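Okay, so the sequence shown: first residue is 483 according to this note's numbering, each after it adds one.
These notes are about the structure you will find just below.
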Amino acid sequence: MKFFIDTADLDEVKEAQDMGVLDGVTTNPSLMKKAAEKAGRRLDFHEQIRQICEMVEGDVSAEVTAVDFDGIMAEAHALAPIHPRVVVKVPLILEGIKAIKALHSEGIRVNCTLCFSPTQALIAAKAGAAYISPFLGRVDDISFSGLKLLEEIITIYGNYGFETEVLAASIRHPIHVLEAAMMGAHVATMPLSVIKKLLKHPLTDIGLEYFLADWKKFRA
Ligand code: G3P
């Protein structure tokens with residue numbers, strides 16, 4: 483399973499990168515706003531994406547904000563040349579699907595975002611999306627199961643051998659990651675806090691404390 487960090491904050495990207503387990507980055511307009519607020523200044527979107535690309539070795543998703551075909555294509559054509567590992571993020575709407583098809587035929591990879599149903603995911607795969615991003619947490623937020631959605635997408639893609647990678651997004655806690663890994667999701671994109679939680683276990687901390695205390699006594 484590939485681990486992506488869901489952030490536009492360079493410090494967070496660096497911290498995850500330093501752990502040695504990072505395979506890519508996903509950003510979105512809300513995460514760009516958050517990064518700018520933390521920086522206390524306006525950020526240049528393309529420059530921020532370029533800097534993130536230089537920090538990591540994997541794919542970096544950069545989202546368009548246009549909602550019409552021509553606008554999406556124009557933004558995609560401006561984002562893709564920033565770096566060979568930029569993946570253009572396009573929303574799962576009719577105009578977005580048309581753009582995914584066109585971008586795919588040009589060789590521009592797309593992460594299809596804001597996926598909330600398996601039939602949406604089916605259409606995105608047929609259009610040629612490189613990644614599909616089902617938002618697990620946001621489905622849970624309205625009392626449906628984000629993990630069930632993920633399972634359905636993985637089953638459908640498996641039935642037909644689609645090459646679109648399933649990118650579990652809107653991950654809120656380690657159980658989302660565990661279940662997504664059990665199902666074989668290709669990628670999990672997570673906030674830094676969730677990546678850190680994955681390695682925590684109280685018995686590890688207590689066990690280490692005992693070992694170190696006993697080692698001190700042994701050496702005394
Ligand atoms: O990757 C999508 C993600 O940024 C949305 O997460 O927590 O805002 O639902 P959240």
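Where is the CB? At the ideal position from N, CA and C, for every residue including glycine.
Being a predicted model, the structure only gives us computed values, none of them experimental.
Taking every protein chain shown into account, the CB of residue 563 has fewer than 16 other CB atoms within 10 angstroms, so this residue is exposed. Under DSSP, the beta-bridge partners assigned to residue 486 are 506, 671. Contact annotation, residue 668 with residue 647: C-beta distance approximately 4 Å; criterion of less than 8 Å satisfied. If you check the CB distance, residue 637 and residue 488 do not come in under 7 Å.
Of the heavy atoms belonging to the ligand G3P, at least one sits nearer than 6 Å to the Cβ of residue 508.
Secondary structure remark: continuous alpha helix (DSSP H) runs of at least 4 residues inside the stretch 520 to 566, in chain order: 527 to 537, 551 to 561.
DSSP places residue 601 inside the alpha helix (DSSP H), whose first and last residues are 600 to 609. Out of 492, 490, 504, 483, the CA that lies nearest to the CA of residue 678 is found in 504. Within the same chain, Cβ atoms closer than 7 Å to the Cβ of residue 494 are found at 487, 674, the five residues on either side in sequence being excluded.
Residue state for residue 637 is assigned as helix, using DSSP reduced to three classes. Judged by pairs of C-beta atoms under 8 Å, the stretch 550 to 559 does not touch the stretch 526 to 540, as fewer than three such pairs exist. The alpha-carbon of residue 649 is positioned some 31 Å away from that of residue 687. Just measuring C-alpha positions, the residue of 642, 643, 634, 628 sitting nearest residue 653 is 628.
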